[in-house]
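These notes concern the structure reproduced below.
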Amino acid sequence: MVIDGERLVDRSVRILVEAGCAPIVVVLGAWLGEVPDAITVVNKEWAAGMSTSLRTGLEYLLTTPAQSALVTLVDLTGLTALGCARVAKSPAEIAAATYSGVRGHPVKFSRSHWPEVIKVADGDQGAREFLRGRGDIELIELSDVASGEDLDFKIE
Numbered sequence: 001m002v003i004d005g006e007r008l009v010d011r012s013v014r015i016l017v018e019a020g021c022a023p024i025v026v027v028l029g030a031w032l033g034e035v036p037d038a039i040t041v042v043n044k045e046w047a048a049g050m051s052t053s054l055r056t057g058l059e060y061l062l063t064t065p066a067q068s069a070l071v072t073l074v075d076l077t078g079l080t081a082l083g084c085a086r087v088a089k090s091p092a093e094i095a096a097a098t099y100s101g102v103r104g105h106p107v108k109f110s111r112s113h114w115p116e117v118i119k120v121a122d123g124d125q126g127a128r129e130f131l132r133g134r135g136d137i138e139l140i141e142l143s144d145v146a147s148g149e150d151l152d153f154k155i156e
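Structural data, given as structure tokens:
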């Protein structure tokens, strides 16, 4: 999908580059193609829900020296580099964006949590089960620099 002349995936990668994130891993499934400035990995089980993409991305990152992962979605039209940088630079093991107090993306996970996220991520819930009831999540308000608006919400 293209908005303002830019593919959503390219926009997301550009924002993450501007935020200082590296490496950038894009998990592809239903659509396969080139994504400049990103490492692409293929999720063969994409039809089983977004959790399979989360698992695929984290499993790939386990083969790298990366110490944290900033997880976001390509359909977040309100995503900004400043918002991503705030969450990514948090010293917390787990950090999540909030928009007027409502939790959203991006979410940062330190490497020590990846195996558990991979284990419990299920269906279209992503890491929701892993995050449920945790008291160790740093919530970072981003409504001054971004919005949690996503394309799915706008379409509905």
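Take the sequence shown: its position 154, counting from 1, is numbered 154 in the UniProt record's numbering, and each next residue is one higher.
Glycine included, C-beta positions come from ideal geometry on N, C-alpha and C.
On a predicted model such as this, the values are computed, not experimentally measured, just so you know.
Enclosing beta strand (DSSP E) for residue i [first to last residue]
| i | result |
| --- | --- |
| Ile137 | 137–141 |
| Pro106 | 102–110 |
| Leu131 | It is not in any beta strand (DSSP E) - Leu131 instead sits in the alpha helix (DSSP H) that spans 128–131. |
Segment limits, alpha helix (DSSP H) that includes residue i
| i | result |
| --- | --- |
| Leu61 | 50–61 |
| Lys89 | No alpha helix (DSSP H) holds Lys89; DSSP gives it neither H nor E. |
| residue 169 | It is not possible to answer for residue 169, since the shown part of the chain is limited to 1 through 156. |
Beta-bridge pairing of residue i - partner residues as DSSP gives them
| i | result |
| --- | --- |
| Leu28 | Val42 |
| Thr98 | Arg103, Glu141 |
| Leu8 | DSSP lists no partner for Leu8. |
| Ala69 | Phe109 |
| Val2 | Arg7 |
Buried or exposed by the 16-neighbour rule on C-beta atoms within 10 Å, applied to residue i
| i | result |
| --- | --- |
| Val25 | buried |
| Leu16 | buried |
| Arg134 | exposed |
| Lys108 | buried |
| Gly33 | exposed |
| Val71 | buried |
| Val2 | exposed |
| residue 169 | In the structure displayed, the chain extends from 1 to 156; residue 169 sits before or after that span and is not available. |
| Pro106 | buried |
| Ser112 | exposed |
| Gly148 | buried |
| Leu61 | buried |
| Arg86 | buried |
Margin query: Below 8 Å, how does it come out for the segment 26–41 and the segment 75–89: are there three or more Cβ pairs, yes or no?
Written below: no
Check: Contact between the segment 53–61 and the segment 83–97: three or more CB pairs below 8 Å?
Finding: no
Item checked: Contact the segment 115–124 vs the segment 95–104: 3+ CB pairs below 8 Å -> no
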